[in-house]
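The sequence shown begins at 268 in this note's numbering and counts up by one.
Where is the CB? At the ideal position from N, CA and C, for every residue including glycine.
Owing to the predicted nature of the structure, the values given are computational and were not obtained by experimental measurement.
Structure first, then comments.
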Amino acid sequence: MIHEIVIYPDPRLKHISEAVTAFDGELHTLLDDMYETMIAKNGVGLAAIQIGIPRRALIINIPIEKEEGEPPEQPKENTLEIVNPAIVWRSNEMVKFQEGCLSVPGYYEDIERHAMVTIEYQDRYGERFVIEDDTFLSIALQHEIDHLDGKLFIEKLSYTKRKKFEKEWKKRDKKS
Ligand code: CO
Numbered sequence: 268m269i270h271e272i273v274i275y276p277d278p279r280l281k282h283i284s285e286a287v288t289a290f291d292g293e294l295h296t297l298l299d300d301m302y303e304t305m306i307a308k309n310g311v312g313l314a315a316i317q318i319g320i321p322r323r324a325l326i327i328n329i330p331i332e333k334e335e336g337e338p339p340e341q342p343k344e345n346t347l348e349i350v351n352p353a354i355v356w357r358s359n360e361m362v363k364f365q366e367g368c369l370s371v372p373g374y375y376e377d378i379e380r381h382a383m384v385t386i387e388y389q390d391r392y393g394e395r396f397v398i399e400d401d402t403f404l405s406i407a408l409q410h411e412i413d414h415l416d417g418k419l420f421i422e423k424l425s426y427t428k429r430k431k432f433e434k435e436w437k438k439r440d441k442k443s
């Protein structure tokens with residue numbers, strides 16, 4: 268089922284999500300719904316709180332680039348389902364990537380994050396895994412895990428950029 272996305276400045280986005288304790292059908296439905304919703308909105312990642320569910324669960328599906336003119340593919344089997352993640356290591360090296368967020372639609376900005384992270388997490392069955400990554404996935408993981416702690420990428424903007432963003436966002440709110 269496709270859910271509505273919680274949009275900034277909805278206070279739910281500041282909520283600190285709670286650990287998943289039951290790896291049951293309800294969790295599986297949540298993860299399946301998150302995939303459907305993310306695909307419907309052309310996203311590459313989604314945290315449960317973004318559909319209003321305060322649980323420590325997120326998904327990431329990095330699109331496979333196809334030939335020019337063809338849309339990139341995000342098959343369900345490529346979806347990384349991450350439950351109860353913990354960042355256990357971060358590189359000192361930082362990198363900048365352009366980020367966006369389904370909860371802040373239409374806004375993109377370069378954000379600095381750790382180049383490499385190691386993450387421990389559980390899958391939908393509760394089995395434990397470790398990911399170590401230094402590609403775009405590392406950035407996506409840091410962005411989505413921030414959502415579980417009630418943080419948005421716009422909080423990492425400089426004071427000036429944040430002011431400009433808030434001004435533009437208010438204008439946009441009035442229009443819609
Ligand atoms: Co986001």
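Along the chain, where does the beta strand (DSSP E) that runs through residue i open and close?
| i | result |
| --- | --- |
| Ala382 | Taken as a continuous stretch (DSSP letters only), Ala382 belongs to no beta strand (DSSP E), as it is neither H nor E. |
| Gly312 | Gly312 to Ala314 |
| Asp300 | Premise fails: Asp300 lies in the alpha helix (DSSP H), Gly292 to Ala307, not in any beta strand (DSSP E). |
| Glu399 | Arg395 to Asp400 |
| Leu325 | Ala324 to Ile327 |
Which residues mark the beginning and the end of the alpha helix (DSSP H) in which residue i is found?
| i | result |
| --- | --- |
| Gln409 | Phe403 to Leu415 |
How would you call residue i, buried or exposed, if buried means at least 16 neighbouring beta carbons within 10 angstroms?
| i | result |
| --- | --- |
| Arg439 | exposed |
| Ile248 | What the structure shows of the chain is the stretch from 268 to 443, and residue 248 is not part of that stretch, so it cannot be assessed. |
| His410 | buried |
| Ala315 | buried |
Taking the C-alpha atoms as reference points, what is the distance between residue i and residue j?
| i | j | result |
| --- | --- | --- |
| Met301 | His270 | 8 Å |
| Asp413 | Thr402 | 18 Å |
| Asn345 | Leu313 | 14 Å |
| Ala382 | Ala407 | 11 Å |
| Lys281 | Leu298 | 21 Å |
| Gly292 | Gln389 | 15 Å |
| Lys430 | Ile320 | 29 Å |
| Thr427 | Asp377 | 14 Å |
| Ala286 | Lys333 | 37 Å |
| Gln341 | Val311 | 8 Å |
| Gly336 | Pro330 | 14 Å |
| Thr288 | Arg357 | 26 Å |
| Ile398 | Ile386 | 5 Å |
| Met268 | Glu303 | 7 Å |
Quick check on residue i: does DSSP put it in helix, strand or coil?
| i | result |
| --- | --- |
| Asn345 | helix |
| Tyr275 | coil |
| Asp390 | coil |
| Arg357 | strand |
| Lys281 | helix |
Any heavy atom of ligand 3 closer than 7 Å to the Cβ of residue i?
| i | result |
| --- | --- |
| Ser370 | Here the bound small molecules are ligand 1; ligand 3 is not part of this structure. |
*Are the region 350-357 and the region 319-331 in contact at 8 Å, needing three or more beta carbon pairs?*
At 8 Å Cβ cutoff, the stretches touch.
*Assess, as a yes-or-no matter, whether the region 363-371 is touched by the region 406-423 under the definition of 3 or more beta carbon pairs within less than 8 Å.*
Yes, the region 406-423 is in contact with the region 363-371.
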